[in-house]
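To convert a position in the sequence shown, counted from 1, into our numbering, add 10. Each residue gets a CB set at the ideal place from its N, CA and C atoms; glycine is no exception. Fair warning: this is a prediction, and the values are worked out from it, not measured in the lab. Here's the structure we're looking at; comments come further down.
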Amino acid sequence: MSRTVLITGASSGIGEACAKTLAGESRYRLLLCARRLQRLEQLKHEIHTSYPNCEIFCFELDVRDQESVQQKLNALPDEWANIDILINNAGLSQGLDSIENGDIGDWDRMIDTNVKGLLYVSKHALPLMSNSENAHIINIGSIAGKEVYPNGNVYCATKHAVDALSKAMRIDLLEKGIRVSSIDPGMVETEFSSVRFKGDDTRAKNVYAGLTPLSGKDIAEIISFVLSRPTHVNINDLIVMPTAQASATLVKRNA
Ligand code: NDP
Ligand code: 8X3
């Protein structure tokens, strides 16, 4: 039977790759959300050219807006109102500055999106997961939730918070039998660095210069594997990095 999966931040990068990968497996129905609705509609069109039978519903959502998250999840059409899987993927980094030079607006955007947004979506999606016999929450953390690196301060703090929330959800949802997995990537080439450096694409490209980073598809395939385990198996926490990366700060670049 098909499982309904809600993916936040499906308009780009890891979220978009998850949508494409899961669509190809024919056992998932996709609820896709992000702020850029047009990108979601394009993605739906693209998926349907390869997988015309994949059921997809797209809606615009800013995860930072608690009232909107509640209203939009509660207003889903009846046939989309039972969710089996939540992929809490929406997130961003803004800036790479020391604490004394950091921009407070950047801090707010990261905390509001990565921590509060993940909480709002989880809180309002959980009632829609109550009928599922195979419910699963996937939180996209980061190596930045395991280590702290120079000038990563607030982004690292938000991902450490995601790490704590994954552990907390696993405890709080134990009685309900809801699986909670944390996927913690190192460098994945997506729009992430372009967003961090506010459209400075040269600086963004340099992040991955001289090495082969992970792709969104690499992460999506891992998530597909995690979701496909038998119901008695939960992968709690999975750290994945490019072979050329040994830690948040140590990478090997070819000349
Ligand atoms: P992208 O920038 O490519 O994608 C980020 C996605 O998040 C977009 O779809 C964006 O959609 C969505 N998003 C951002 N803010 C909001 C918001 N307020 N409301 C709803 N959606 C939002 O980056 P990635 O795919 O790399 O990032 C996905 C996740 O992976 C993030 O949580 C990131 O922290 C994490 N991660 C990334 C790594 C990397 O190296 N790339 C490594 C480890 C973790 P839109 O703008 O349309 O709203
Ligand atoms: C994104 C990876 O190394 O920039 O979470 O923190 S990193």
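Item	Value
Do the segment 58-75 and the segment 123-139 meet, that is, are 3 or more Cβ pairs less than 8 Å apart?	yes
Can you tell me the Cα-Cα spacing of Val205 and Met179, whole angstroms?	29 Å
Going along the chain, which unbroken runs of the beta strand (DSSP E) with 3 or more residues stay wholly within the segment 34-103?	38-44, 66-70, 95-98
Can you tell which of Val243, Thr31, Leu260, Asp173 has its C-alpha closest to the C-alpha of Asn149?	Asp173
For Ser191, report the span of its alpha helix (DSSP H) as first-last.	Where Ser191 is concerned, there is no enclosing alpha helix (DSSP H), although the beta strand (DSSP E) it sits in stretches over 189-195.
Out of curiosity, what's the CA-to-CA distance linking Leu224 and Leu16?	23 Å
Under 5 Å from any heavy atom of ligand 2, by CB: list those residues in chain order, please.	Ser152, Ala154
Can you tell me whether Ile114 is buried or exposed, with buried defined as 16 or more other CB within 10 angstroms of its CB?	exposed
Could you check how far apart the C-beta atoms of Ser108 and Asn161 are, in whole angstroms? I think they sit under 8 Å.	6 Å
Can you determine whether any heavy atom of ligand 1 sits closer than 8 Å to the C-beta of Pro160, and answer yes or no?	no
With distances taken from CA atoms, which of Lys186, Glu35, Gly151 is nearest Thr14?	Glu35
Among Asp94, Cys68, Asp116, Ala258, which residue has its Cα nearest to the Cα of Leu102?	Asp116
Going by beta carbon distance, what residues of the same chain come within less than 7 Å of Ala10, once the five residues before and after it are set aside?	Look at the range of the chain in this structure, 11 to 265, and you will see that residue 10 is not part of it.
Would you kindly work out how many angstroms separate the C-alpha atoms of Ile229 and Ile24, rounded to a whole number?	7 Å
According to DSSP, simplified to helix, strand and coil, what is Asn163?	helix
Considering only the alpha carbon of each residue, which of Ala44, Met251, His242, Leu53 lies closest to Ser78?	Ala44
Over what stretch of residues does the alpha helix (DSSP H) that includes Arg206 continue unbroken?	202-206
If you follow the beta strand (DSSP E) that Arg13 is part of, which residue opens it and which one closes it?	13-18
Check the DSSP bridge columns for Leu248 and list the partner residues they point to.	Ile193
Identify, in the order they occur along the chain, each residue of the same chain with its Cβ nearer than 6 Å to the Cβ of Met139, setting aside the five sequence neighbours on each side.	Ile93, Ala145
In the DSSP assignment, find the unbroken alpha helix (DSSP H) run with Asn216 in it and report its ends.	211-216
Does DSSP put Asn149 in a helix, in a strand, or in coil?	strand
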